[in-house]
Amino acid sequence: MPQAELLPEVTKFIESPKMVIGGKSVDAVSRDMFDVIDPATGRVLCEVPRGGVADIDVAVGAARQAHEERRWAGLRPGKRTEVLYKLGELVKRNISELAQLESIDSGKPVSIASGEMWAVGEVFRYYSGWPTKVFGETTPTDDNMFVYSLREPIGVCGGIIPWNFPMIMAAWKVAPALAFGNTIVLKPAEQTPLTAIRLGELCLEAGVPEGVVNVVTGFGQEAGQALAQHPDVDKIAFTGSTEVGRKVLHASEGNLKRVTLELGGKSPNIVFSDANMKRATRGSMHGVFLNSGQVCTAGTRILVEKSVHDDFVSALLDATASMKLGNPLEEETQMGPVISQEQMERVTGYIEIGRSEGAEVAVGGERASELGDGYFVQPTVFTGVRNDMRIAQEEIFGPVAAVIEVADVDEAIAVANDTIYGLAAAVWTSDVSKAHKVARGIKAGTVWVNTAGNVDPSVSFGGYKQSGFGRELGRHSLETYTQTKSVWVNLR
Ligand code: ADP
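This note's numbering applies: residue 1110 is where the sequence shown begins, and numbers increase by one.
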C-alpha cells in the first residue's frame, strides 16, 4: 500500500507521545512503553507509556487535588463556558492534524475522521453552554424552614473508552464531566491512545487548569481495571463491550462509585415494502459498514419484509460491492481496515461461523489480502439468516451484515426485540403510523426512522437491556455528572 504523506505536526507528535497527568507530559512510573500499530499496514507507528496501577494512582491523586482545591468548579461558570468553547474551537482549528492522527491510529478513512473531529468540536461547543445553566431549587416545607438544593459535581470521574471512535468517545466523557464541574482521568483504549493524549494537551492550551483532565494510556486489565477499582474515583463512565462492562461494574463495588455503561449492540435495521428503496438501501449499507462495522449502534441485522426481500437484497449487494476499500489516508476511501489482527481474526471467524450455520455469503466473506498486510476485511452480506443464528445474536464488530426475512410489522418487532441488546434500531417506511408503531414497539435507546446512525450532542444516547444503563449527552448528563444536596435552614 502506498505511504501517504503525513503532516509535519503528526510526524512530530508521534515521535514521543506522553501521558498527561497533573498538567505535565509524563512517562509511566515504570518507564514501560507499548507499541501503537497502524491497522492499515500492520506496522508499529510509535510507542506510548504503559500506564498501570501506579500511574492511575498518581492521576487520580492529581484529579482529587484539583477537585478539592476547586481549581475548576470554583471558577465563575461564565469562565468555564469560555474555556470549553475555546477547547471546541481549538479542536476545530486542528481538524486536519487530529483527523490524520485518528486515521493512522484507528484505520478509519481520513475523510470520515475529519467529520468526527468537527463533531468533537461541536460536543465541546454544546457543553460550553451548560456551566451557566446548572440550578438548584427551593422546596416548600415547614413555614419555619427554608429548604433549598445545591446541584454539585460528583467529584473525580473516570472515563474508560473504546477504540472505534477514540476522540468522539473522549469528548463524550470529558465535555460533560467538565461542564458540570468535575475532574477526570481518561483511559483511552490501548489500540488507539493518540488523539486522547492530544485532547489532554489541548485542554491545557484552552485554559483547563492542571490536574482537571488527566490522560493515562495503558491496557484494560492494568490501567482500566485500576481506574474502575480505585477507591478515590467517584464515578466511572464506560463505553465498550458488554463483557468488559460487567467487569467494570464489579470493580466499582468497593466504594460504590456511580457507574454509567454504554455497551454492545446488535441493532435491527428494518426495511418495509413501502420504504423508499433507494434511501433504505443506502442508509442500511452505511448503517452497517460505517467505520468497518465497528460501531456499537451498527444496523447489523437487516430485517426485510418478504415482498421486497429479493429486490432489496440485490440493490444492497450492488451498493456493497461498489464500496471503496483501501488506504484510509486517501480522500476517496470509504472503508478502511478493522482495528487489529485480533479483530480481523474475530470477524473472519464469525464469517466462518455464519457459513457453518447455513447462512449464505452473498457478497464479500474474505480478508481483502490484495491490500497488503493491513487488517482489511471485505464488506460482507449474509442472506438466509435466522435470528437464532450466532451471527444474528452476537456482536461481531466488523463489516458483516445479516439479512433476515420477516413477514409483517408484528414479526419485525418481535424479531427486532429478540436479542439481549437494545442500543438502537432503524426503520424504513413511508407509512407514518407504522413508523411510530414500530418506534414504540422496539426496546432500544434510539430509534431512527428513515435515517440511521445520527447522533447529536443535544440528544440523549444509551441502551436498553444489556446495552447498558445511564444516558449520555443532552440534558441527561446533568443527572449523571452532578448530585444534589438538600440544605435545611431553621428560620426560628
Ligand atoms: P472492545 O471489545 O471494543 O475492544 P473493550 O470493552 O475490550 O472494547 O474495551 C473498552 C475499554 O475498556 C478499553 O479502554 C479497554 O482498555 C478497557 N478495558 C478492558 N478490560 C478492562 C477491565 N478489565 N477493566 C477496565 N477496563 C478495561
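C-beta: ideal position from N, C-alpha, C; glycine also.
key: Spatial neighbours of T1591 in its chain, beta-carbon cut-off 8 angstroms, leaving aside the 5 residues before and after   = Along the sequence shown, read from residue 1 onward, the residue named residue 1591 stands at position 482. Excluding sequence neighbours, T1591 sits near V1243, R1260, E1261, P1262, I1263, F1289 and G1290.
query = For D1164, which three-state DSSP category applies?
reply = In the sequence shown, the residue the question calls residue 1164 occupies position 55. Of the three classes helix, strand and coil, the one that applies to D1164 here is helix, per DSSP.
key: Sequence-distant residues of its chain with Cβ nearer than 6 angstroms to E1225 (five each side left out)   = If you number the sequence shown from 1, residue 1225 lands on position 116. Within the same chain, E1225 has close Cβ partners I1277.
ask   = Around the C-beta of P1111, are 16 or more other C-beta atoms found within 10 angstroms, so that it is buried, or is it exposed?
value = Taking the sequence shown and counting its residues from 1, one reaches residue 1111 at position 2. Note that P1111 scores a pLDDT of 42, beneath 50, so its modelled location is shaky; the value from the coordinates is reported in the next line. Looking at its Cβ environment, which holds fewer than 16 other Cβ atoms inside 10 Å, P1111 is exposed.
inquiry  = Taking the straight line between their C-alpha atoms, what separation do you get for R1584 and V1153?
reply    = If you number the sequence shown from 1, residue 1584 lands on position 475. If you number the sequence shown from 1, residue 1153 lands on position 44. Their backbone Cα atoms lie some 41 angstroms apart in a straight line.
message = Check this for me: beta carbons of P1446 and G1483, under 8 angstroms apart or not?
response = For the purposes of this step, residue 1446 is identified with residue 337 of the sequence shown, where counting begins at 1. For the purposes of this step, residue 1483 is identified with residue 374 of the sequence shown, where counting begins at 1. Taking 8 angstroms as the Cβ cut-off, P1446 and G1483 qualify as a contacting pair.
query = If you run the structure through DSSP and keep just helix, strand and coil, what is P1111?
reply = Counting from 1 along the sequence shown, the entry for residue 1111 is found at position 2. Low local confidence applies: a pLDDT of 42 at P1111 is under 50, so the model's placement there is unreliable, with the coordinate-based value given in what follows. Of the three classes helix, strand and coil, the one that applies to P1111 here is coil, per DSSP.
task = Please find out if some non-hydrogen atom of ligand 1 comes closer than 7 angstroms to the beta-carbon of K1217.
result = Translated into positions along the sequence shown, residue 1217 becomes position 108. Answer for K1217: no, Cβ out of range of ligand 1.
request  = Check whether the Cβ of A1279 lies closer than 7 angstroms to any heavy atom of ligand 1, and answer yes or no.
outcome  = Your numbering for residue 1279 matches position 170 in the sequence shown. A1279 Cβ: outside cutoff for every heavy atom of ligand 1.
Coarse secondary structure for Q1300, derived from DSSP in three states = On the sequence shown, residue 1300 is found 191 positions in, with the first residue counted as 1. Correct three-state label for Q1300: coil.
query = Which value, in whole angstroms, describes the spacing of the CA atoms of R1424 and P1186?
reply = As a first step, residue 1424 must be located in the sequence shown, where it is residue number 315. As a first step, residue 1186 must be located in the sequence shown, where it is residue number 77. Residue 1424 is actually Ala in this sequence, not Arg. Roughly 53 angstroms between the two C-alpha positions.
task = Count the other C-beta atoms from every protein chain shown that fall within 10 angstroms of the C-beta of G1562, then say buried if there are 16 or more, exposed otherwise.
result = The sequence position of residue 1562 within the sequence shown is 453, counting from 1. Buried is the call here.
Residue closest to E1198, alpha-carbon to alpha-carbon, out of S1237, E1520 and F1506 = The sequence position of residue 1198 within the sequence shown is 89, counting from 1. Ranking the options by Cα distance to E1198, first place goes to S1237.
key: Environment of H1359 [buried if 16+ CB atoms lie within 10 Å]   = On the sequence shown, position 250 is the one that residue 1359 refers to. By the 10 Å Cβ count, H1359 comes out exposed.
message = If I measure Cβ to Cβ from E1331 and keep anything under 8 angstroms in the same chain, skipping five residues before and after, which residues do I get?
response = One-based indexing of the sequence shown puts residue 1331 at position 222. Excluding sequence neighbours, E1331 sits near R1159, G1160, G1161 and V1162.
message = Give me the residue from E1118, C1405 and N1323 with the minimum Cα distance to V1135.
response = Stepping through the sequence shown from its first residue, residue 1135 is reached at position 26. Of the candidates E1118, C1405 and N1323, the one whose C-alpha sits nearest the C-alpha of V1135 is N1323.
ask   = Looking only at its own chain, which residues have a Cβ that is under 6 angstroms from the Cβ of C1266, when we skip the five neighbours before and after it?
value = The residue labelled residue 1266 in the question sits at position 157 within the sequence shown. Around C1266: A1286, N1291, I1293 and K1344.
task = Compute the minimum distance between the beta carbon of K1121 and the heavy atoms of ligand 1, and state whether it is under 7 angstroms.
result = On the sequence shown, position 12 is the one that residue 1121 refers to. No, the beta carbon of K1121 sits no closer than 7 angstroms to any heavy atom of ligand 1.
inquiry  = Residues in the same chain with beta-carbon distance under 6 angstroms from S1586, minus the five sequence neighbours each way, listed in chain order, please.
reply    = What you label residue 1586 is simply residue 477 of the sequence shown in a count that begins at 1. Excluding sequence neighbours, S1586 sits near P1285.
task = In angstroms with no decimal places, state the Cα-to-Cα distance between A1430 and I1460.
result = As a first step, residue 1430 must be located in the sequence shown, where it is residue number 321. As a first step, residue 1460 must be located in the sequence shown, where it is residue number 351. Cα-Cα distance, rounded: 17 angstroms.
inquiry  = Using C-beta distances below 8 angstroms, list every residue in its chain close to M1254, excluding the 5 sequence neighbours before and after it, in chain order.
reply    = On the sequence shown, residue 1254 is found 145 positions in, with the first residue counted as 1. Excluding positions up to five away in sequence, the list reads W1597, V1598, N1599 and L1600.
key: I1269 Cβ short of 7 angstroms to ligand 1 heavy atom set   = As a working mapping, residue 1269 is identified with position 160 in the sequence shown. Under cutoff, so the answer is yes.
inquiry  = So the candidates are I1448, Q1487 and T1301; which of them puts its Cα closest to the Cα of I1123?
reply    = Residue 1123 sits at position 14 when you count from the first residue of the sequence shown. It is T1301.
request  = May I ask you to report which of helix, strand or coil DSSP gives I1306?
outcome  = Within the sequence shown, the letter at position 197 stands for residue 1306. In this structure, I1306 counts as helix in the three-state DSSP scheme.
inquiry  = In the DSSP output, which residue or residues are listed as bridge partners for T1591?
reply    = The residue given as residue 1591 occupies position 482 in the sequence shown. T1591 pairs with P1262.
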